[in-house]
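Counting from 1, position 59 in the sequence shown corresponds to residue 1177 in the numbering used here; the numbering is continuous, with no gaps.
Cβ coordinates follow ideal geometry from the N, Cα and C atoms, glycine included.
If you're wondering where the values come from, they're calculated on a predicted model, not measured in any experiment.
Here the structure comes first, spelled out in C-alpha cells, and everything after it is commentary.
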Amino acid sequence: MEYIVHRIKLLPAVDPQRFEHWVRDVDYATCPQLPSVLSFSVQRVSHQPDDPFHYFEIIGVTDRAAFDRDMKLDVFHELEQAFDTMAVVVDETAGERVGTGYSTAPAW
C-alpha cells in the first residue's frame, strides 16, 4: 500500500464551506468507483487566505501504477474538473508506511 499526500490551497474567493461540502458529498462518495483507492481523507489546516495551504489529503492506494490507471477514468476526470474550480494542489509527496503503524481508531 502506498500513501499519497497533497497539500491543497483554495483559490481566491472560494468559500471553504463550499469546498468541504464537495469533499464530503462528492469526493468521498466517488472513492468506491476508483478500484485502487483503499482510503481517503481530507484534513483542514487553515482558512487564512495568505497561508501556503489550507488542507491536506491522504490517499491510500494499492499501488501507484493502479492509481495512475484510475486517474484515466471518466469519473476521476469529473472530480478533477470540479476540484480545479475551487483549489490547486501545491505539493505532493508519496511513500509506503513503515510496518503496520498504530491506530486506536476504528477501521473505516
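task: Mind listing, in chain order, the continuous alpha helix (DSSP H) runs of no fewer than 4 residues lying wholly within the region 1165-1211?
output: 1182-1188, 1192-1202
* Based on the DSSP output, what are the partners of His-1139 in its beta bridges? -> Counted from its first residue, the sequence shown places residue 1139 at position 21. In DSSP, His-1139 forms no bridge with anything.
Notebook entry, point to check: Hey, would you say Pro-1120 sits closer than 8 Å to Val-1179, going by beta carbons?
Noted result: For the purposes of this step, residue 1120 is identified with residue 2 of the sequence shown, where counting begins at 1. For the purposes of this step, residue 1179 is identified with residue 61 of the sequence shown, where counting begins at 1. Looking at the sequence provided, one finds Glu at residue 1120 rather than Pro. Closer than 8 Å, so yes.
Exercise for review: Compare the C-alpha of Ser-1164 against each of Glu-1214, Tyr-1173, Pro-1150, Asp-1209 and name the closest.
Suggested key: If you number the sequence shown from 1, residue 1164 lands on position 46. Nearest C-alpha to Ser-1164: Tyr-1173.
Query raised in the report: Hey, would you say Val-1206 sits closer than 8 Å to Leu-1129, going by beta carbons?
Result: Residue 1206 sits at position 88 when you count from the first residue of the sequence shown. Residue 1129 sits at position 11 when you count from the first residue of the sequence shown. Contact: yes.
**Message:** I need the boundaries of the beta strand (DSSP E) containing Arg-1125, first residue and last residue.
**Reply:** Your numbering for residue 1125 matches position 7 in the sequence shown. 1120-1128 is the extent of the beta strand (DSSP E) around Arg-1125.
- Query: To which residues of the same chain is Gly-1213 closer than 8 Å at the C-beta, ignoring the five residues directly before and after it?
  - Reply: Indexing the sequence shown from 1 puts residue 1213 at position 95. Closer than 8 Å at the Cβ level, and outside the excluded window around Gly-1213, lie Glu-1120, Tyr-1121.
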